[in-house]
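As structure tokens, the structure follows; a few thoughts come after it.
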């Protein structure tokens, strides 16, 4: 999976690279190619194209509710 250096300085390994994303490339100390994202538009497109991770959270956590906030069954 390719590595990308984002404008905030973070390096992330991503699975999907959409067409039209502008980046430069350099080699890191380990001789791995790292793609440098060049503009905010490309950064947003690149992040939006990534598949969503599934979390192990309960449905109440996914919508921001605590267990005590959920309606009780009558």
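Residue numbers (this note's numbering): 9 to 82. For glycine and all other residues, C-beta sits at the position ideal for the given N, C-alpha and C. Everything numeric in this text was worked out from a predicted model, so none of it was measured.
Would you kindly work out how many angstroms separate the C-alpha atoms of residue i and residue j, rounded to a whole number?
i          : j          : result
residue 44 : residue 28 : 14 Å
residue 58 : residue 11 : 13 Å
residue 50 : residue 60 : 18 Å
residue 21 : residue 9  : 6 Å
residue 38 : residue 62 : 31 Å
residue 13 : residue 19 : 4 Å
Could you check what DSSP says for residue i in three-state terms: helix, strand or coil?
i          : result
residue 3  : Coverage of the chain is limited to positions 9 through 82, which leaves residue 3 absent and any answer about it impossible.
residue 57 : coil
residue 77 : Here the model assigns residue 77 a pLDDT of 43, short of 50, so the residue's position is not dependable, and the following value carries that caveat. Helix, per DSSP.
Give me the DSSP bridge partner(s) of residue i.
i          : result
residue 42 : 11 and 34
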